[in-house]
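S.K.: Sharing a structure below in structure tokens format, with a few things to ask.
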Amino acid sequence: MSRNRKSGTVTIIPNLSIIDIAEEGKGVGKADELVVFVDKAVPGDVVDVRVVKKKKNFAEAVIETLHEKSVLRTDPFCQHFGTCGGCKWQHMSYDAQLTFKHKNVEAALQRLAKIDTSSMEPILGSAENKYYRNKLEYTFSNKRWLNKADMPVADAETAAETDVVENVASPEKAEMEMNALGFHVPLRFDKILDIEHCYLQAEPSNTLRNKVRSYALENGLSFYDLRNHEGSLRNLIIRTSSTGEVMVVVVFAYVEQTEVDGMMEYLKVNFPEVTSLLYIINQKKNDTIFDQEVITYAGRDHIFEEMNGLKFKIGAKSFYQTNSMQALELYKITKEFAGFSGDELVYDLYTGAGTIANFVAGSVKQVIGVEYVPTAIEDAKFNSELNGINNTTFYAGDMKDILTTDFIAAHGKPDVVITDPPRAGMHADVVARLLEMEAEKIVYVSCNAATQARDLALLKEKYEVVRIKPVDMFPHTQHVENVVLLKFTGLTTEEVVEAN
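So the sequence shown is numbered by UniProt numbering: it starts at 1 and just counts up by one.
In structure tokens, the structure reads:
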């Protein structure tokens with residue numbers, strides 16, 4: 001058992017064995033009864049750690065000495081690892097990542113829903129684990145996050161004492177370039193890490209971002225101040241598709257039209273491969289663009305994605321799975337779990353742009369899709385027309401308000417329900433409606449095993465879980481999708497227990 005020794009105010013825990021990994025990408029060890037979360041540690045490591053934060057039941061620590069390197073450990077491929085909030089598991093082999101993702105899903109279902117996971121199917125890994133995303137959103141900021149290597153010596157020494165890099169005022173720092181275009185630093189909403197190369201999205205993503213930054217600096221465009229809400233440039237959104245099309249959306253804030261035209265013309269001339277060049281003027285206090293006008297500067301206001309012979313229109317506000325190749329595998333599993341015979345009425349809840357609805361439409365009698373975002377429903381309808389699909393119907397509105405007894409009476413009781421809610425899971429009223437509907441099958445697709453387990457615990461009143469399969473959509477992160485097939489039992493929970 002590890003023991004604490006103190007040197008002044010510094011607490012060192014020696015020879016700590018890392019036995020697990022937490023969702024935030026931190027290794028987990030135990031010193032006596034204290035759970036210790038260790039930054040950049042991997043299960044199998046043996047380390048001396050320095051405690052940087054201590055609570056009653058847990059502590060957070062950093063590695064002081066790595067005595068034994070885990071066989072699961074690998075060298076991070078990204079220069080921004082450890083500061084950027086993404087790809088937090090890249091210091092662990094991909095096979096190991098899949099193992100722990102599978103384990104995390106299994107633990108959530110067992111602990112929160114008391115589900116037997118003995119027949120759980122192996123997790124499906126992603127064929128591509130770099131450059132797999134089709135959409136990235138970058139943020140402009142006049143407050144660049146400074147790593148210790150970037151800082152003047154005096155400030156770096158201060159940062160070393162606190163393990164926090166602050167933008168302390170100093171003459172040397174005043175001469176540094178403080179504008180940045182990149183990602184938010186975790187827990188620091190107003191600090192942006194300037195990104196040189198990102199391994200999440202293929203070219204021309206990196207070149208576009210770097211050229212946009214250079215143009216802005218050379219032409220004196222101001223980067224957004226996230227605290228004071230001022231500045232010209234706010235966000236840069238890049239979408240790519242498997243068809244080779246590219247969308248670029250520049251989000252401005254307080255800007256002259258001549259500045260807008262200059263930036264957009266630069267992109268039009270220097271990146272002829274961009275098929276959809278758009279901009280938005282957003283002067284709200286938040287970054288959301290769903291209530292903002294999208295202005296087309298050049299090309300179309302959308303790009304096209306293809307999947308399994310189907311085409312999908314993707315606009316600036318459209319929802320589409322960000323890992324295109326793995327989305328196809330996810331939908332194949334969803335369709336397989338449903339086991340369609342051809343005459344089913346299907347409800348597709350949280351349908352988004354109707355991707356799943358249109359994907360399964362050719363195998364069923366009718367699909368009814370419901371989604372909260374009206375523009376997504378417009379895309380869903382367009383996508384059905386684009387593909388000559390005439391057995392889909394879509395409705396926009398809050399799920400718990402639309403999915404009423406009258407709605408079901410008007411449209412028919414579904415044979416199969418497919419539900420793919422956001423991370424928060426389904427509203428309790430929606431779960432209650434599912435229990436009332438008593439569809440023969442429910443295929444529950446989730447990006448959050450914990451909220452999925454919460455909902456499954458409620459659905460156990462009338463359903464049993466018969467198949468479970470995790471799907472990795474986001475390599476090098478803790479995130480994982482999970483597909484569960486439930487079958488109607490017609491029995492209460494007590495009767496199910498007695499029957500077994």
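No residue lacks a Cβ here, since even glycine has one placed at the ideal position from N, Cα and C.
Count the CB pairs spanning the stretch 128–144 and the stretch 230–248 that are closer than 8 Å, and state whether there are at least three.
M.R.: At 8 Å Cβ cutoff, the stretches touch.
S.K.: Would you call the CB atoms of residue 91 and residue 40 closer than 9 Å?
M.R.: In the sequence shown, the residue the question calls residue 91 occupies position 91. In the sequence shown, the residue the question calls residue 40 occupies position 40. For residue 91 and residue 40, yes; Cβs fall inside 9 Å.
S.K.: So what does DSSP say about residue 324, is it helix, strand or coil?
M.R.: In the sequence shown, residue 324 corresponds to position 324, counting from 1. Of the three classes helix, strand and coil, the one that applies to residue 324 here is helix, per DSSP.
S.K.: Run the CB neighbour count on residue 482, radius 10 Å, all protein chains shown included, and call it buried at 16 or more, exposed below.
M.R.: Along the sequence shown, read from residue 1 onward, the residue named residue 482 stands at position 482. When all chains shown are included, residue 482 counts as buried.
S.K.: Alpha carbon to alpha carbon, how far is residue 31 from residue 84?
M.R.: Here residue 31 corresponds to residue number 31 of the sequence shown, with the count starting at 1. Here residue 84 corresponds to residue number 84 of the sequence shown, with the count starting at 1. Those two C-alpha atoms are separated by around 29 Å.
S.K.: Taking the continuous alpha helix (DSSP H) assigned at residue 14, which residues delimit it?
M.R.: Reading the sequence shown from its first residue, position 14 is the one you call residue 14. Careful: residue 14 lies outside any alpha helix (DSSP H), inside the beta strand (DSSP E) at 10–21.
S.K.: What whole-angstrom Cβ distance do residue 42 and residue 63 have, given they're in contact under 8 Å?
M.R.: Within the sequence shown, residue 42 is the residue found at index 42, counting from 1. Within the sequence shown, residue 63 is the residue found at index 63, counting from 1. Not quite, the Cβ-Cβ distance comes to about 10 Å (not below 8 Å), so this is no contact.
S.K.: Would you call the stretch 390–403 and the stretch 371–381 touching, i.e. three or more CB-CB distances under 8 Å?
M.R.: Contact between the stretch 390–403 and the stretch 371–381 is present, because at least three Cβ pairs lie under 8 Å.
S.K.: Of all the alpha helix (DSSP H) runs that stay within the bounds of the stretch 225–271, which reach a length of 4 or more residues?
M.R.: You should have 257–270.
S.K.: Say whether the stretch 252–259 touches the stretch 312–329, bearing in mind that this needs 3 or more beta-carbon pairs closer than 8 Å, one atom from each stretch.
M.R.: Output reads no: the stretch 312–329 does not touch the stretch 252–259.
S.K.: Return the first residue and the last residue of the beta strand (DSSP E) that residue 191 is part of.
M.R.: Your numbering for residue 191 matches position 191 in the sequence shown. It spans 188–194 - the beta strand (DSSP E) in which residue 191 sits, taken as one unbroken run.
S.K.: Cβ of residue 370 versus every heavy atom of the ligand HEM: is any distance shorter than 8 Å?
M.R.: This structure does not include the ligand HEM; it has no bound ligands of any sort.
S.K.: Would the stretch 359–374 and the stretch 339–351 be scored as touching if the rule is three or more Cβ pairs under 8 Å?
M.R.: Touching, yes, given that three or more Cβ pairs across the two stretches are closer than 8 Å.
S.K.: State yes or no: is the C-beta of residue 27 within less than 9 Å of the C-beta of residue 478?
M.R.: Residue numbering aside, residue 27 sits at position 27 when the sequence shown is read from its first letter. Residue numbering aside, residue 478 sits at position 478 when the sequence shown is read from its first letter. Not closer than 9 Å, so no.
S.K.: Report, in whole angstroms, the separation of the C-beta atoms of residue 518 and residue 337, which I expect to be a contact under 8 Å.
M.R.: Because residue 518 is not part of the residues shown, which for the chain are 1 to 500, the question remains open.
S.K.: Please report the distance separating the alpha-carbon of residue 242 from that of residue 306.
M.R.: Stepping through the sequence shown from its first residue, residue 242 is reached at position 242. Stepping through the sequence shown from its first residue, residue 306 is reached at position 306. Cα-Cα distance, rounded: 7 Å.
S.K.: Applying the criterion that 16 or more other CB atoms from any shown protein chain within 10 Å of the CB defines a buried residue, is residue 334 buried or exposed?
M.R.: By 1-based counting over the sequence shown, the position of residue 334 is 334. Classification for residue 334: buried.
S.K.: I'd like to know if the stretch 428–447 and the stretch 401–415 are in contact, where contact means that at least 3 CB-CB pairs between them fall below 8 Å.
M.R.: Verdict: yes, contact present.
S.K.: Do residue 263 and residue 216 come within 9 Å of each other at the CB atom, strictly closer than that value?
M.R.: Within the sequence shown, residue 216 is the residue found at index 216, counting from 1. Within the sequence shown, residue 263 is the residue found at index 263, counting from 1. Contact: yes.
S.K.: State buried or exposed for residue 355, treating a residue as buried only when at least 16 other CB atoms are found within 10 Å of its CB.
M.R.: Stepping through the sequence shown from its first residue, residue 355 is reached at position 355. The residue is buried, with at least 16 neighbouring Cβ atoms inside 10 Å.
S.K.: Use the C-beta contact count for residue 101: other C-beta atoms within 10 angstroms, 16 or more gives buried, fewer gives exposed.
M.R.: Taking the sequence shown and counting its residues from 1, the one referred to as residue 101 is at position 101. With 16 or more Cβ atoms within 10 Å of its Cβ, residue 101 is classed as buried.
S.K.: What does the Cβ neighbour count give for residue 223, buried or exposed, with the cut at 16 atoms within 10 Å?
M.R.: Sequence index remark: in the sequence shown, residue 223 carries index 223 (1-based). Classification of residue 223: buried, given that the 10 Å Cβ count is 16 or more.
S.K.: DSSP puts residue 307 in a beta bridge; with which residues?
M.R.: Mapped onto the sequence shown, residue 307 falls at position 307. Its beta-bridge partners are 310.
S.K.: So, under 8 Å CB-CB, residue 450 and residue 108 are touching, yes? Tell me the CB distance rounded to an integer number of Å.
M.R.: Indexing the sequence shown from 1 puts residue 450 at position 450. Indexing the sequence shown from 1 puts residue 108 at position 108. The Cβ separation is near 5 Å, so the contact holds.
S.K.: Apart from the five residues just before and just after residue 273, which ones in its own chain have a Cβ nearer than 7 Å to its Cβ?
M.R.: Within the sequence shown, the letter at position 273 stands for residue 273. Only 204, 246 meet the Cβ criterion.
S.K.: Report buried or exposed for residue 13, applying the criterion of at least 16 other Cβ atoms within 10 angstroms of its Cβ.
M.R.: One-based indexing of the sequence shown puts residue 13 at position 13. Buried.
S.K.: Drop a sphere of 10 angstroms on the beta-carbon of residue 286, count the other beta-carbons inside from all chains shown, and report buried for 16 or more, exposed for fewer.
M.R.: On the sequence shown, residue 286 is found 286 positions in, with the first residue counted as 1. Residue 286 should be labelled exposed.
S.K.: Between residue 18 and the rest of its own chain, which residues show a CB-CB distance below 6 Å, the 5 nearest in sequence each way excluded?
M.R.: Counted from its first residue, the sequence shown places residue 18 at position 18. Cβ neighbours of residue 18 beyond the five flanking positions: 27, 29, 41, 43, 45.
S.K.: Helix, strand or coil: how does DSSP classify residue 37 here?
M.R.: In the sequence shown, counting from the first residue as 1, residue 37 sits at position 37. Correct three-state label for residue 37: strand.
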